[in-house]
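Visitor: Residue numbers (our numbering), protein chains in the order written: chain A, 1387 to 1498; chain B, 7 to 120. Here it is, the structure in full.
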Amino acid sequence: DAGVIQSPRHEVTEMGQEVTLRCKPISGHDYLFWYRQTMMRGLELLIYFNNNVPIDDSGMPEDRFSAKMPNASFSTLKIQPSEPRDSAVYFCASRAGGKKLFFGSGTQLSVL
Amino acid sequence: EDQVTQSPEALRLQEGESSSLNCSYTVSGLRGLFWYRQDPGKGPEFLFTLYSAGEEKEKERLKATLTKKESFLHITAPKPEDSATYLCAVQAGERGSTLGRLYFGRGTQLTVWP
């Protein structure tokens, strides 16, 4: 298995632009998580899905952030409009049931 | 208020110098405690899961232990390739549920020099 696949690996954009991050979870995993990592706050859970349904989005910072999971093999995290404080590494992770979490390699986002 | 606290924030060891990393937590209804290793530019990689006080897990030079309020990651005779950030996470949730958020600590950055 190729593991959790995220794209792009790096994204540089200007303030106010829309940013879309993509994730392909491991096949057969029924949970998908979006995390954000910064030096100041560490790893923060933004939202997670179970069987494509959003379960807990209380970590989503504000309405500028949205996430979708149209099917079991694809999810997106969108920021519109982006702001410099959104600069961080965004990780997608997946797991099967209550078992261990597998992370992707992350998307390094820089908003200028 | 932080629910998972890791210490120290950074640790420098000489090759072969054993030490321990600490993870203390305050969540109730612990479902599991996880240790991850993160290398620069990569996502966290799973190391261990501990479920109950007294449990221990080992992998090569690493051993994880769990008490009711904290976990230790013991590193015996470390090598330079053990250099990484080690993250602790706890999962809390209702009994019988596989749901539940993972709360991560900020990690301990370990550097092992030859």
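No residue lacks a Cβ here, since even glycine has one placed at the ideal position from N, Cα and C.
Strictly by DSSP, which residues pair up with B/Pro46?
Guide: Counted from its first residue, the second sequence places residue 46 of chain B at position 40. Paired residue(s): none; B/Pro46 is not in a bridge.
Visitor: Show which residues of chain A have a CB atom less than 7 Å away from the CB atom of B/Pro50.
Guide: Locating residue 50 of chain B in the second sequence gives position 44, counting from the first residue. Under the 7 Å cutoff, chain A gives Phe1489.
Visitor: Using beta-carbon positions only, say whether B/Val33 and B/Val118 come within less than 8 Å of one another.
Guide: As a working note, residue 33 of chain B is residue 27 in the second sequence. As a working note, residue 118 of chain B is residue 112 in the second sequence. Contact: no.
Visitor: Enumerate in chain order the residues of its own chain whose CB-to-CB distance from A/Ala1458 is below 7 Å, with the five nearest sequence positions on each side excluded.
Guide: If you number the first sequence from 1, residue 1458 of chain A lands on position 72. Excluding residues within five positions, the ones whose Cβ falls inside 7 Å are Asn1438.
Visitor: Taking Cβ-Cβ distances shorter than 9 Å, what residues in chain B pair up with A/Phe1477?
Guide: Looking up residue 1477 of chain A in the first sequence gives position 91. Ordered by position in chain B, the residues that pass the 9 Å Cβ test against A/Phe1477 are Gly49, Pro50.
Visitor: Check the Cβ of A/Lys1486 against every Cβ in chain B and list those closer than 8 Å, keeping chain order.
Guide: As a position in the first sequence, residue 1486 of chain A is number 100, starting the count at 1. Chain B residues near A/Lys1486: Phe40, Phe52, Thr55.
Visitor: Let's test the definition: count the other Cβ atoms within 10 Å of the Cβ of B/Ser103 and tell me whether it reaches 16, buried, or not, exposed.
Guide: Against the second sequence, residue 103 of chain B aligns to sequence position 97. Caution applies to B/Ser103, whose pLDDT of 48 falls short of 50 and renders its modelled position unreliable; the value that the coordinates give is listed next. Exposed.
Visitor: Output needed for A/Glu1469: all residues of its chain with C-beta closer than 7 Å, excluding positions within five of it in sequence on either side, in chain order.
Guide: Your numbering for residue 1469 of chain A matches position 83 in the first sequence. These residues qualify, in order along the chain: Met1401, Val1497.
Visitor: Going along chain B, which residues have a C-beta under 7 Å from A/Asp1442?
Guide: The residue given as residue 1442 of chain A occupies position 56 in the first sequence. Chain B residues near A/Asp1442: Arg107.
Visitor: Any heavy atom of the ligand GDP within a distance shorter than 7 Å of the CB on A/Ser1393?
Guide: The model on display carries no ligand, and the ligand GDP is accordingly not part of it.
Visitor: What is the rounded straight-line gap between the Cα of B/Tyr57 and the Cα of B/Leu39?
Guide: To locate residue 57 of chain B, count along the second sequence from 1; it is residue 51. To locate residue 39 of chain B, count along the second sequence from 1; it is residue 33. Whole-angstrom Cα-Cα distance: 6 Å.
Visitor: Give the straight-line distance between the Cα atoms of A/Ser1452 and A/Met1446, rounded to the nearest whole angstrom.
Guide: If you number the first sequence from 1, residue 1452 of chain A lands on position 66. If you number the first sequence from 1, residue 1446 of chain A lands on position 60. Cα-Cα distance, rounded: 8 Å.
Visitor: Within the continuous beta strand (DSSP E) that includes A/Met1425, where are the two ends?
Guide: In the first sequence, the residue the question calls residue 1425 of chain A occupies position 39. That residue, A/Met1425, is in no beta strand (DSSP E); it is neither H nor E in DSSP.
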